[in-house]
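See structure below.
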Amino acid sequence: MSATGSETSGHVVIVVGAGPAGMALAKNMADAGHEVIILNRDIKFGGLAEYGIFPSKLKLRGGLKKQYWDMLEQPNVHYFGNVSVGQGKDLSVEDLRALGASAIAFSIGAQGTKAIGVEGDSAKGVFHAKDVVYHFNRLPGFGDRPFDMGKHVAIIGVGDVMVDIAHWLIRYKKVERVTAIARRGPVERKYNPKEIRAVCSNMDQEGIAKEFARIKERLAAVGQNADEVLASLTAEFTKCEQTDSPSKMGFRFLASPKRVLVDSNNRVRALEMEENKLEPKGDDTAAVGLKQYYEFPVDSVVFAVGDRVDDTVGLPYKNGVYVTNPTKTGNDPDDALFQAYDEKSGQVVDGVFLAGWARKASEGLVGIAKRDGDWCAEVIARYLGTKAGQPRPGAGEVLAKLQGLLKERKSRPVDLDGLKVLDAVEKAHAGSPDAIGEFKFASNADMLAHIERGRA
C-alpha cells in the first residue's frame with residue numbers, strides 16, 4: 090500500500106471494525122467516491138460473518154467473503170487488519186480524530202458480555218455463549234483455549250445460538266447429553282425450524298415427551314394444549330442431518346437457573362432451578378417464579394445472556410452501551426441514532442458515528458448488521474454534505490499520518506496483500522482433521538508468521 094493512496098474528489102472516511110455493518114458502510118462510502126480506511130482489530134475481515142456463523146455453513150460464508158474481497162480490491166479502499174483501537178491499544182479515539190478524516194464510524198461490535206448475575210457464575214465449567222462460538226470458529230484468543238465441557242451440558246436459551254452450540258457439542262465434542270433450558274415454554278422457543286435440522290437426529294424424543302407431561306397442566310393454564318405443542322415441535326424434526334454421535338439432546342422448560350452449585354474443586358455439579366408458570370402478557374406470555382426449587386445435575390453451563398460494548402475504547406459510554414444523540418436532528422430525525430454523544434458536554438461528538446452492534450448490541454445477525462451499516466452510510470453522507478467546500482486533508486496525507494503512527498507504536502498491520510498470502514496458506518491446509526468447515530489458524534502469531542514467511 091502506498092502512502093499516498095489513490096486520490097479521489099471525495100472525503101476520507103475511517104471505518105473501525107470490518108464486520109457486516111462496517112463492510113456494508115465501507116462499500117457505500119467507497120461506491121460514493123470517498124476514500125475509505127478500514128481499521129480492524131482482527132487480522133481477517135468479516136466479524137460475525139467470519140467468527141459467528143457456524144463454520145460448516147460454507148455457502149453463506151463464501152458468498153459474504155466474495156463480496157468483501159471484491160470491495161477491498163477497490164483502489165479507494167485501504168485495509169489495516171491487526172490494529173486495535175482503544176485506551177492502551179495501537180491507536181486511541183483521539184489519535185483517529187487527529188488524522189483529519191472527515192468522518193469516523195465505529196462498527197466494532199459488542200465485545201463484552203453481560204454479567205450472568207447468578208451465584209456461582211465464576212465456577213469452572215460456566216461459559217458465555219459468545220466465547221464458545223468464538224472458540225469453535227477459532228477466533229484468536231479463543232480458538233486454542235481449552236473448553237472442558239464434561240458429559241452433560243446445559244445451555245440457557247432456546248434461540249439459534251443455542252442450536253449452534255448444541256451442534257458443536259453433539260457433532261464435534263460428542264458429549265453424552267445436551268439440555269436446552271428455557272424460562273418459558275415450548276411455544277415461546279426462538280430458534281429457526283431449519284436450524285434445528287443440525288441436531289434433531291440426536292433428539293431424545295422419549296425424554297422430550299416426558300418433559301411435556303411434566304409441564305402439561307401449566308401449559309393448559311394459559312390455553313396451550315401440550316399434546317398439540319409437542320406434535321408441532323417434533324414435526325420440525327425433518328430433514329435431520331445424520332451424525333455418528335451418540336449424544337442425546339433434550340429440553341427443560343419453565344425453569345430459571347438461580348444458582349450454580351459446585352463441588353469441592355469449584356467445578357459445576359448442578360444448577361439450582363426454580364419452577365416457573367406462564368402468565369399472559371398482552372399477546373405474549375411472561376415467566377413467573379413459583380418459589381419451588383430443585384437441583385438439576387450438569388457438568389457445565391453455557392449462558393446466552395447478551396452482550397455489552399467495550400467500555401475501554403474511549404467512546405462515550407453508559408450502562409453497557411455507547412451513548413448516542415438523545416435529541417432528534419433537524420437534518421433527519423433518525424440521524425441522531427448513529428451520532429456519538431458526550432453527555433458531559435451535552436454535545437454530539439462531531440464526525441463520529443456508530444453502526445451495527447456498537448450502536449445496538451445483539452440486534453440480529455448478518456442481515457440486520459448489514460442494513461445498519463447501509464443506514465449509517467446514509468447518515469454520514471448527509472453529514473458530509475454539510476462539509477462541502479471546507480478544506481480537508483487528502484487520503485495521502487491521512488494515510489501517511491496513520492502509517493507513521495502505527496510504525497511509531499511498533500504495530501504490525503496486515504494489508505490486503507497480507508490477507509491474500511494468509512488465505513492461500515490456509516487453503517493449502519484444506520482437509521485438516523482439526524477443521525470444522527474451512528481450516529483456520531487459531532492464533533495471531535501463527536497468522537503473522539505465515540504472512541511474513543509468504544512475503545519473504
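Counting with our numbering, you get residues 90 to 545 for the letters of the sequence shown.
Positions of the beta carbon are idealized from the N, C-alpha and C atoms, including for glycine.
Go ahead and pull the three-state DSSP assignment for residue 102.
In the sequence shown, counting from the first residue as 1, residue 102 sits at position 13. DSSP places residue 102 in strand when its eight states are reduced to three.
On the three-state DSSP scale, how would you describe residue 358?
Counting from 1 along the sequence shown, the entry for residue 358 is found at position 269. Three-state result, residue 358: strand.
Starting from the Cα of residue 530, find the closest Cα among 456, 230 and 464 and give me that residue.
If you number the sequence shown from 1, residue 530 lands on position 441. Ranking 456, 230 and 464 by Cα distance to residue 530 puts 230 first.
Roughly how many angstroms lie between the CA atoms of residue 544 and residue 537, to the nearest whole one?
Stepping through the sequence shown from its first residue, residue 544 is reached at position 455. Stepping through the sequence shown from its first residue, residue 537 is reached at position 448. Their backbone Cα atoms lie some 11 Å apart in a straight line.
Quick one: give me the first and last residue of the alpha helix (DSSP H) that residue 159 is part of.
To locate residue 159, count along the sequence shown from 1; it is residue 70. Residue 159 -> alpha helix (DSSP H) spans 147 to 161.
Helix, strand or coil at residue 311 [DSSP, three-state]
Numbered from 1 along the sequence shown, position 222 holds the residue referred to as residue 311. If DSSP states are grouped into helix, strand and coil, residue 311 belongs with coil.
Could you please give the first and the last residue of the uninterrupted alpha helix (DSSP H) stretch that includes residue 515?
Residue mapping note: residue 515 aligns to position 426 of the sequence shown, counting from 1. 505 to 517 is the extent of the alpha helix (DSSP H) around residue 515.
Given a cut-off of 9 Å, decide if residue 127 and residue 192 are closer than it, judged by their beta-carbon atoms.
Position 103 of the sequence shown, counted from the first residue, corresponds to residue 192. Position 38 of the sequence shown, counted from the first residue, corresponds to residue 127. No, the pair does not count as a contact, with Cβ atoms beyond the cut-off.
Could you work out which residue in 247, 213, 144 and 252 is closest to residue 236 when comparing CA atoms only?
By one-based count along the sequence shown, residue 236 stands at place 147. Among 247, 213, 144 and 252, the Cα nearest to that of residue 236 is on 213.
Following the continuous alpha helix (DSSP H) through residue 373, name the residue where it begins and the one where it ends.
Residue numbering aside, residue 373 sits at position 284 when the sequence shown is read from its first letter. First-last for residue 373: 373 to 386, but that is the beta strand (DSSP E), not the alpha helix (DSSP H).
Taking 6 Å as the limit between beta carbons, can you name the residues of its chain near residue 176, skipping five residues before and five after?
Numbered from its first residue, the sequence shown carries residue 176 at position 87. Same-chain partners within the cutoff: 401 and 403.
Taking the continuous beta strand (DSSP E) assigned at residue 183, which residues delimit it?
Here the question's residue 183 lines up with position 94 in the sequence shown. Looking at the DSSP string, residue 183 is not in any beta strand (DSSP E); the run it does join, the alpha helix (DSSP H), is 182 to 187.
At a Cβ threshold of 9 Å, is residue 439 touching chain C?
Of the chains in the structure shown, none is chain C; there is only one protein chain.
So is residue 436 buried or exposed if we call it buried at 16+ other beta carbons inside 10 Å?
Indexing the sequence shown from 1 puts residue 436 at position 347. Exposed, because fewer than 16 other Cβ atoms sit within 10 Å of the Cβ of residue 436.
CA-to-CA distance, residue 468 to residue 475, given in whole angstroms
The residue you call residue 475 lines up with position 386 of the sequence shown. The residue you call residue 468 lines up with position 379 of the sequence shown. Approximately 11 Å between the Cα atoms of the pair.
Could you spell out the range, first to last residue, of the alpha helix (DSSP H) harbouring residue 492?
Indexing the sequence shown from 1 puts residue 492 at position 403. Segment 484 to 497, the alpha helix (DSSP H) holding residue 492.
Skipping 5 residues on each side, what residues in its chain have a beta carbon closer than 6 Å to that of residue 163?
Walking along the sequence shown from the start, residue 163 turns up at place 74. 119, listed in sequence order.
Going along the chain, which residues of its own chain have a beta-carbon closer than 7 Å to the beta-carbon of residue 369, five neighbours each way excluded?
Numbered from 1 along the sequence shown, position 280 holds the residue referred to as residue 369. Excluding five sequence positions before and after residue 369, the CB atoms of its chain that fall closer than 7 Å to its own CB belong to 311, given in chain order.
Go ahead and pull the three-state DSSP assignment for residue 323.
In the sequence shown, the residue the question calls residue 323 occupies position 234. Helix.
If we count Cβ pairs, one from each stretch, closer than 8 Å, do we get three or more for the segment 486 to 504 versus the segment 172 to 189?
These segments touch.
Residue 440 - DSSP class collapsed to helix/strand/coil:
Along the sequence shown, read from residue 1 onward, the residue named residue 440 stands at position 351. The answer is strand: DSSP assigns residue 440 an E or B state.
Beta carbon of residue 242 nearer than 9 Å to that of residue 345:
In the sequence shown, the residue the question calls residue 242 occupies position 153. In the sequence shown, the residue the question calls residue 345 occupies position 256. If you check the CB distance, residue 242 and residue 345 do not come in under 9 Å.
Hey, would you say residue 501 sits closer than 9 Å to residue 171, going by beta carbons?
For the purposes of this step, residue 501 is taken as the residue at position 412 of the sequence shown. For the purposes of this step, residue 171 is taken as the residue at position 82 of the sequence shown. For residue 501 and residue 171, yes; Cβs fall inside 9 Å.
Using 9 Å as the threshold, is the C-beta distance between residue 141 and residue 508 below it?
The residue you call residue 141 lines up with position 52 of the sequence shown. The residue you call residue 508 lines up with position 419 of the sequence shown. Using a Cβ distance threshold of 9 Å, residue 141 and residue 508 do not count as a contacting pair.
Looking only at its chain, what residues have a beta carbon closer than 6 Å to the beta carbon of residue 93, apart from the 5 residues adjacent to it on each side?
The residue labelled residue 93 in the question sits at position 4 within the sequence shown. Any reading at residue 93 must be qualified, since the residue scores a pLDDT of 41, below 50, and its modelled position is unreliable; the value itself is stated next. Result list for residue 93: 485, in chain order.
Residue 154 versus 265, 113, 184 and 181, residue with shortest Cα-Cα distance
Your numbering for residue 154 matches position 65 in the sequence shown. Among 265, 113, 184 and 181, the Cα nearest to that of residue 154 is on 113.
Mind checking whether the beta-carbon of residue 356 lies closer than 8 Å to any heavy atom of the ligand SAM?
Among the components of this structure there are no ligands whatsoever, and the ligand SAM is therefore not found.
Tell me which same chain residues have a C-beta within less than 7 Å of the C-beta of residue 307, skipping the five on either side of it?
The residue you call residue 307 lines up with position 218 of the sequence shown. For residue 307, where only same-chain residues beyond five positions count, the Cβ hits under 7 Å are 343, 366 and 367.
Where does residue 553 fall in DSSP's three states?
Within the shown structure, residues of the chain are numbered from 90 to 545, placing residue 553 beyond reach of any answer.
Alpha carbon to alpha carbon, how far is residue 511 from residue 196?
Position 422 of the sequence shown, counted from the first residue, corresponds to residue 511. Position 107 of the sequence shown, counted from the first residue, corresponds to residue 196. Rounded to the nearest angstrom, the two C-alpha atoms are 24 Å apart.
Is it right to say residue 165 is buried, meaning 16 or more other beta carbons lie within 10 angstroms of its own, or is it exposed?
Working through the sequence shown from its first residue, we reach residue 165 at position 76. By the neighbour-count rule (16 or more Cβ atoms within 10 Å), residue 165 is buried.
May I have the straight-line CA-CA distance separating residue 427 from residue 259, to the nearest angstrom?
Locating residue 427 in the sequence shown gives position 338, where the first residue counts as 1. Locating residue 259 in the sequence shown gives position 170, where the first residue counts as 1. For residue 427 and residue 259, the distance between alpha carbons rounds to 40 Å.
Could you name the residues of the same chain whose beta carbon sits closer than 8 Å to that of residue 201, not counting the 5 residues immediately before and after it, in chain order?
Counting from one through the sequence shown, the residue named residue 201 turns up at place 112. Once the five neighbours on either side are set aside, the close Cβ partners of residue 201 are 396, 397, 398, 399, 400 and 409.
If you measure between the beta carbons of residue 107 and residue 136, is that distance less than 9 Å?
For this step, residue 107 is matched to residue 18 along the sequence shown. For this step, residue 136 is matched to residue 47 along the sequence shown. With contacts defined by Cβ atoms closer than 9 Å, residue 107 and residue 136 form a contacting pair.
Between which two residues does the alpha helix (DSSP H) carrying residue 467 extend?
On the sequence shown, residue 467 is found 378 positions in, with the first residue counted as 1. Start and end: 455 to 474.
Would you give the residue range spanned by the beta strand (DSSP E) that residue 520 belongs to?
What you label residue 520 is simply residue 431 of the sequence shown in a count that begins at 1. Run containing residue 520: none; DSSP gives neither H nor E here.
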